[in-house]
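Residue numbers (the working numbering): 11 to 285.
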């Protein structure tokens, strides 16, 4: 994959730009968190203005995965509010879209999102609605995973096993073992703080971590809420055999591509809003 390794950047420092690449929604504002220049896939914040409306039917050439952070977004007859989720495969027909109050939506595209009439949707991959505020949490997921956390699945891909989930942790929880995964791991911090090996992430922090990258350990003085995705398969974890030292006050030394170093190399001093 040609996406850069990002660990981490506060999304608040990324400027808003006008119009979604691919031309499908020219009247929204976009913060591009990361993009694969070869495949055209991307991770973004989309800001829909109050009163926004797209009245005609539209289908995209890309999967669109969305998680509402603020406001509400209506697609057809369904309205998505805060912390509500959908995975709309390529070819999904949106009868209309609108946002009365406006919305900020965490949005992922599997390729450049151009309009199309020639793709037949894979029904098995459709997740039309999940409310992250409803339903049960799962418990620990690995014998070495530190206690004090829960997970809610938004999606588990039926063909490739790729996963999207929300993870919540208790205040003052920490681990002492670095870890790695055989798949890409992507995260957006919805609330709270996450202290790790390259600095302290605040709400709005984002990372894109390639497969087989050692990372951690991590802790949270506040507790936190995070949205995770995997690319390339389901999550599995390998931990180090030995625990390592952990500090609540790490040096800020993020891994950033050259294009983000000027805006992301210093600790974020802003507020707690996640966008």
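The beta carbon of each residue, even a glycine, is placed where N, CA and C say it ideally should be. None of these values were measured; they are calculated from a predicted model.
**Request:** Please determine, among 181, 92, 101, 34, the residue with the shortest C-alpha to C-alpha distance to residue 139.
**Result:** The residue labelled residue 139 in the question sits at position 129 within the chain shown. Considering only alpha carbons, the answer is 92.
**Prompt:** What residue from 57, 165, 62 has the CA that sits closest to residue 78's CA?
**Reply:** Along the chain shown, read from residue 1 onward, the residue named residue 78 stands at position 68. Nearest C-alpha to residue 78: 57.
**Request:** Please name the residue, chosen from 114, 245, 212, that lies closest to residue 220 on a Cα-to-Cα basis.
**Result:** Working through the chain shown from its first residue, we reach residue 220 at position 210. The candidate whose alpha carbon is nearest that of residue 220 is 245.
**Message:** Relative to the C-alpha of residue 127, which candidate in 159, 249, 67 has its C-alpha closest?
**Reply:** Reading the chain shown from its first residue, position 117 is the one you call residue 127. Minimum Cα-Cα distance from residue 127 among the listed residues 159, 249, 67 corresponds to 67.
**Item:** Neighbourhood of residue 89 by C-beta, 8 Å cutoff - its chain only, sequence neighbours within 5 removed
**Value:** Indexing the chain shown from 1 puts residue 89 at position 79. The beta carbon of residue 89 lies closer than 8 Å to those of 82, 83 in the same chain, with the five residues before and after it left out.
**Request:** Reducing DSSP to helix, strand and coil, say where residue 56 ends up.
**Result:** Here residue 56 is taken as the residue at index 46 of the chain shown, counted from 1. Strand at residue 56.
**Asked** Excluding sequence positions up to five away, which residues of its chain have a Cβ less than 8 Å from the Cβ of residue 188?
**Response** Numbered from its first residue, the chain shown carries residue 188 at position 178. Listed in chain order, the non-local C-beta contacts of residue 188 below 8 Å within the same chain comprise 207, 224, 225, 226, 227, 249, 250, 254, local neighbours out to five positions each way being set aside.
**N- and C-terminal bounds of the beta strand (DSSP E) containing residue 272** = One-based indexing of the chain shown puts residue 272 at position 262. Per DSSP, residue 272 belongs to no beta strand (DSSP E); it is in the alpha helix (DSSP H), 268 to 274.
**Message:** What residue range does the beta strand (DSSP E) around residue 100 cover?
**Reply:** Position 90 of the chain shown holds residue 100. That residue, residue 100, is in no beta strand (DSSP E); it is neither H nor E in DSSP.
**Request:** Could you round the C-beta distance between residue 12 and residue 73 to whole angstroms and report it? I think they count as a contact, below 8 Å.
**Result:** Taking the first residue of the chain shown as position 1, residue 12 is located at position 2. Taking the first residue of the chain shown as position 1, residue 73 is located at position 63. Contact check for residue 12 and residue 73: beta-carbon distance about 18 Å, past the 8 Å limit, so the pair fails to qualify.
**Message:** So, with DSSP's three-state summary, where would you put residue 159?
**Reply:** Mapped onto the chain shown, residue 159 falls at position 149. Correct three-state label for residue 159: strand.
**Request:** Go ahead and pull the three-state DSSP assignment for residue 254.
**Result:** Within the chain shown, the letter at position 244 stands for residue 254. Looking at residue 254 - three-state DSSP - the assignment turns out to be coil, as it is neither helix nor strand.
**Request:** Could you pull out every residue in the same chain whose Cβ sits closer than 7 Å to the Cβ of residue 47, ignoring the five residues on either side in sequence?
**Result:** For the purposes of this step, residue 47 is taken as residue 37 along the chain shown, with counting starting at 1. Answer for residue 47: 12, listed in chain order.
**Asked** Per DSSP, what kind of secondary structure is residue 173 in: helix, strand or coil?
**Response** Locating residue 173 in the chain shown gives position 163, counting from the first residue. Shown here, residue 173 sits in a strand according to DSSP, grouped into three states.
**Request:** Any chance you could list the alpha helix (DSSP H) runs of at least 4 consecutive residues sitting entirely within the stretch 16 to 87, in chain order?
**Result:** You should have found no qualifying run.
**Prompt:** What does a CB cutoff of less than 8 Å around residue 276 pick up in its chain, not counting 5 residues either side in sequence?
**Reply:** By 1-based counting over the chain shown, the position of residue 276 is 266. Only 262 meet the Cβ criterion.
**Message:** Can you find the residues in the same chain that come closer than 6 Å, C-beta to C-beta, to residue 123, ignoring five residues on each side of it along the sequence?
**Reply:** Taking the first residue of the chain shown as 1, we reach residue 123 at position 113. Once the five neighbours on either side are set aside, the close Cβ partners of residue 123 are 32, 34, 70, 72.
**Prompt:** Would residue 20 be called buried (16 or more neighbouring beta carbons within 10 Å of its own) or exposed?
**Reply:** For the purposes of this step, residue 20 is taken as residue 10 along the chain shown, with counting starting at 1. Classification of residue 20: buried, given that the 10 Å Cβ count is 16 or more.
**Item:** Backbone CA spacing between residue 114 and residue 55 [nearest angstrom]
**Value:** For the purposes of this step, residue 114 is identified with residue 104 of the chain shown, where counting begins at 1. For the purposes of this step, residue 55 is identified with residue 45 of the chain shown, where counting begins at 1. Roughly 7 Å between the two C-alpha positions.
**Asked** How is the beta strand (DSSP E) around residue 199 delimited, first residue to last?
**Response** Reading the chain shown from its first residue, position 189 is the one you call residue 199. Start and end: 194 to 202.
**Request:** Spell out the partners DSSP gives residue 118 in its beta bridges.
**Result:** Taking the first residue of the chain shown as 1, we reach residue 118 at position 108. BP columns for residue 118 point to 53, 75.
**Message:** Suppose you measure from the CA of residue 168 to the CA of residue 87; what does that come to, to the nearest Å?
**Reply:** Within the chain shown, residue 168 is the residue found at index 158, counting from 1. Within the chain shown, residue 87 is the residue found at index 77, counting from 1. Going by C-alpha positions, residue 168 is about 26 Å away from residue 87.
**Prompt:** Does the count of Cβ pairs from the stretch 168 to 188 and the stretch 208 to 218 closer than 8 Å reach three?
**Reply:** In short, these stretches do not touch, since the Cβ pair count stays below three.
**Prompt:** Applying the criterion that 16 or more other CB atoms from any shown protein chain within 10 Å of the CB defines a buried residue, is residue 240 buried or exposed?
**Reply:** For the purposes of this step, residue 240 is taken as the residue at position 230 of the chain shown. Counting other Cβ atoms within 10 Å of its Cβ, residue 240 reaches 16 or more and is therefore classed as buried.
**Message:** Measuring alpha carbon to alpha carbon, tell me which residue in 65, 243, 269 is nearest residue 106.
**Reply:** For the purposes of this step, residue 106 is identified with residue 96 of the chain shown, where counting begins at 1. For residue 106, the nearest C-alpha among the options comes from 65.
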